[in-house]
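K.L.:
Can you read through this structure? Questions will come right after.
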Amino acid sequence: MSTLVAEPALVAASKRSRGAQLRRFARRNPTIVAGGIILGLVALLAILAPLFAGDAVTMRPAMRLRPPSAQDWLGTDHLGRDVFARMIYGAQVSLIVGLAVAAVSIVVGTFIGLMAGYFRKVDAVVMRLMDGLMSIPAILLAIALVALTRTSVSTVIIAITIPEVPRVVRLVRAVVLGVREAPYVEAAISGGTPTWKILLRHILPSTIAPLIVQATYICASAILIEAALSFLGAGTPPEIPTWGNMIAQSRLFLSRAPWTIFAPGIALALVVLAVNLLGDGLRDRLDPRLARRM
Amino acid sequence: MGSYILRRLASTVLVMGIVAVFVFLLLHLSPGDPAAIIAGDNATSDQIAAIRRQLGLDDALPIQFFRWVFAVLHGDLGISIFSNEPVLKLIGQRVEPTLSLALTTLIVAVTLAVSFGVIAAWKVGSWIDRLLMVVSVIGFSVPVFVVGYMLIYVFSITLRWLPVQGYSPIDQGLWPWFERLILPSIALGLAYVALIARITRTAMLDVLAEDYIRTARAKGVATRSMLLKHALKNAGVPIVTVIGIGVALLIGGVVITETVFNIPGVGRLVVDAISKRDYPIIQGVILIFSGVYVLVNLAVDLSYTLLDPRIRY
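Line by line, the protein sequences give chains A and B.
So in the working numbering, spot 264 of the first sequence is number 254, and the numbers just go up one at a time.
If you count the second sequence from 1, you need to add 7 to reach the working numbering.
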């Protein structure tokens, strides 16, 4: 009977070993852990913003361009708004856009890539279209798409997703071409497995590791493009605080109130850095041969 | 070789054709009436009808497309809605600053990045190698406009070494021209340097591990000659490829850099066109920038045989 009761010493040992395992993982994958921790913290701050960040929209004309102080941690902008609060709320848009673009472009790109890689007839047409789409610089394409429609967060997400899709398509197609002739796929075909089942069960799993890495790079690129669009005035509506439009609105006050530009600028750089670190770490861990996306 | 060039040219034409379709459809498949979009929110129905007539929007879509392509091939990119001037003329007036910025950045960045990458690979694990890693991580993470404002704050506002912003045409003196391009080129080139230096380092490391490098060293070839003649030339193909692909970074970055540094170039033209919804300008600039990108990468592909005689088509 005593075997059913866990030995206290064993429990302690397994806890210790779990702690040791975590430490070992952190030692071997410092970039994944560092990137993950920074992103986790930023996400937490963004989600909890309403609880602690304070008022990001009220204009206080008497409080214009105040330097950082105990009351306004990062000072105020040219309309007297609290820069710290705006910076925290700005994280929401960046993270939502980054995650949404990564998710949508992976789903759409994987579907098109599977089709193009598996069905030769689809391939020629789709890949030419993708070549054309990839020849248009992403920021310009996104600018044009946003300029056409009324600005909103969802338009920005769609506009950034469209230029990212071809990169996913190319990646998935290359993987599919690699495994399509593999013996286990041929076996499945000759065994009469339906095509959709071959694609989902036998081919899709090979794409997962490179796609996870690709998703982080797309996320970083989407956050940068969103900030650039907001900065150029072709992004999220100006009343929603984003890091890009905070910098754009403060441009003229660089010499008088540098904090209005550097606070969102550093936040932006830190988040992109964290996503890139996570991506580099995952790449080294999941697939050392995978070349960094251009 | 000849047939390869022909095939490559044909595919370039095809890709440009597809780009043209996308650029054309941008306006025409957008939700709502293109004429109403161009006219803006406060337009009367008469104004919208006038724009419809001006653009020939009442014809069938394929007819409009071929008419547009025909005009583009004859150098007619349409008329700006706002200033009523030909788009090509407006772009022409703005080409010098943009070309100055892009070429300065390209030359400086490629020189720096390749030297940096070669030294990092030669002295792998040294401080310069680690510095390259740091620079490349920063280059990929800090956006052009943040780098730009930091440079302006440090070098123009605090130290007062360089002008804050603006552009001085090259015919008004070489130094004023160059002086105003220093900070913009650094801001624009950082990501490009990071990209090229990383690839150069990787490609050089691969080549330096080859037997013929050991042979060259053993027979006493000078280090400089070994690095540049034996190694770098053979690492050329991936480096040139990434220089070509990275031109997309430059093109996107030009639009932002010109805004940060108030440079009156093609990038500013398109940014100003966004707020005015001057669609012919947006279309024209996208078409030209994409064309440049496609042509640069065509040149890159054709240069492979020069770099590596083993590559035959």
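Even for Gly, the Cβ is constructed at its ideal location relative to N, Cα and C.
1) Taking a cut of 8 Å between CB atoms, which residues from the segment 204 to 217 of chain B lie near chain A?
2) Quick check: the segment 199 to 213 of chain B against the segment 142 to 156 of chain B, are at least 3 beta-carbon pairs closer than 8 Å?
3) What does Y300(B) reach in chain A if we use C-beta pairs closer than 7 Å?
4) If the cut is a Cβ gap below 9 Å, which residues of chain B does R273(A) touch?
5) Figure out for me which residue from F77(B), D213(B), W184(B) and G180(B) has the closest Cα to the Cα of Q172(B).
6) Quick one: list the residues of chain B neighbouring L258(A), beta-carbon separation under 7 Å, in chain order.
7) Have a look at A106(A) and S211(A) and give me their C-alpha separation to the nearest angstrom.
8) Using a beta-carbon distance below 8 Å, is A144(B) in contact with chain A?
9) For chain B, is any of its Cβ atoms less than 8 Å away from the one on D121(A)?
10) Is it the case that the Cβ atoms of T66(A) and M53(A) are separated by a distance below 8 Å?
11) Taking contact to mean 3 or more Cβ pairs, one atom from each stretch, closer than 8 Å, check whether the segment 211 to 222 of chain B and the segment 117 to 130 of chain B are in contact.
12) Would you mind stating whether S192(B) and I126(A) have Cβ atoms separated by less than 8 Å?
13) Counting beta carbon pairs with one atom in the segment 265 to 273 of chain A and one in the segment 203 to 218 of chain A, are three or more of them shorter than 8 Å?
14) Taking contact to mean 3 or more Cβ pairs, one atom from each stretch, closer than 8 Å, check whether the segment 99 to 114 of chain B and the segment 262 to 270 of chain B are in contact.
15) Taking Cβ positions, are D124(B) and T230(B) nearer each other than 8 Å?
16) Please classify A281(A): is it buried, with 16 or more other beta-carbons within 10 angstroms of its beta-carbon, or exposed?
17) I96(A) by DSSP, collapsed to three states: which one?
18) Please state if the CB of D308(B) and the CB of G243(B) are separated by a distance shorter than 8 Å.
19) Evaluate the contact criterion for the segment 247 to 265 of chain A versus the segment 180 to 196 of chain A: three or more CB pairs, one atom per stretch, below 8 Å.
20) Below 8 Å on the Cβ atoms is my guess for I288(B) versus L276(B); work out the distance and round it to an integer in Å.
21) In whole angstroms, what is the alpha-carbon distance linking A223(B) and L34(B)?
22) Anything in the segment 225 to 251 of chain B with a Cβ closer than 8 Å to a Cβ of chain A? List those residues in chain order, please.
23) Would DSSP call D72(A) helix, strand or coil?
24) Which of helix, strand or coil does DSSP assign to P176(B)?
25) So, is P51(A) buried or exposed, given that buried needs 16 or more other C-beta atoms within 10 angstroms?
26) Based on DSSP bridge pairs, tell me the residues matched to P2(B).
27) Report, in whole angstroms, the separation of the C-beta atoms of T232(A) and G225(A), which I expect to be a contact under 8 Å.
28) How would you label E174(B), buried or exposed, when you count the other beta carbons within 10 angstroms and need 16 or more for buried?
29) Beta-carbon separation of T48(A) and R71(A) under 8 Å?
30) Could you tell me whether the Cβ atoms of A132(A) and I256(A) are closer together than 8 Å?
31) Let me know if D178(B) comes out buried or exposed under the rule of 16 or more other beta-carbons within 10 Å of its beta-carbon.
32) Would you check if there are 3 or more beta carbon pairs closer than 8 Å linking the segment 249 to 258 of chain B to the segment 109 to 123 of chain B?
33) On the DSSP letters alone, give me the boundaries of the alpha helix (DSSP H) that E229(A) sits inside.
34) Just how far apart, CA to CA, sit P150(B) and A46(A)?
35) Give the interface partners of V262(A) over in chain B, defined as CB-CB distance under 9 Å, in chain order.
36) Which of the residues in the segment 202 to 231 of chain A, read from start to end, lie with their CB under 7 Å from any CB of chain B?
P.N.:
So, to answer that:
1) R205
2) yes
3) S125 and P127
4) None at all; the shortest Cβ gap to chain B is about 13 Å.
5) W184(B)
6) P150 and V153
7) 25 Å
8) Looking at the sequence itself, residue 144(B) is Val, so the reference to Ala does not match. Yes, V144(B) lies at the interface with chain A (some Cβ there is under 8 Å from its Cβ).
9) yes
10) yes
11) yes
12) no
13) yes
14) yes
15) Note on residue identity: the sequence assigns Gly, not Asp, to residue 124(B). No.
16) A caution first: A281(A) carries a pLDDT of 44, below 50, which makes its placement in the model unreliable, though a value can still be read off. Burial call: exposed.
17) helix
18) no
19) no
20) 6 Å
21) 59 Å
22) V249
23) strand
24) coil
25) exposed
26) What is shown of chain B runs 8 to 320, which leaves residue 2(B) out entirely.
27) 7 Å
28) Checking the sequence, you will find Tyr at residue 174(B) rather than Glu. Classification for Y174(B): buried.
29) yes
30) no
31) exposed
32) yes
33) Segment: none, E229(A) is in no alpha helix (DSSP H) and carries neither H nor E.
34) 24 Å
35) F147, S148, V149 and P150
36) L214, A217, A218, F221, L222, G223 and A224
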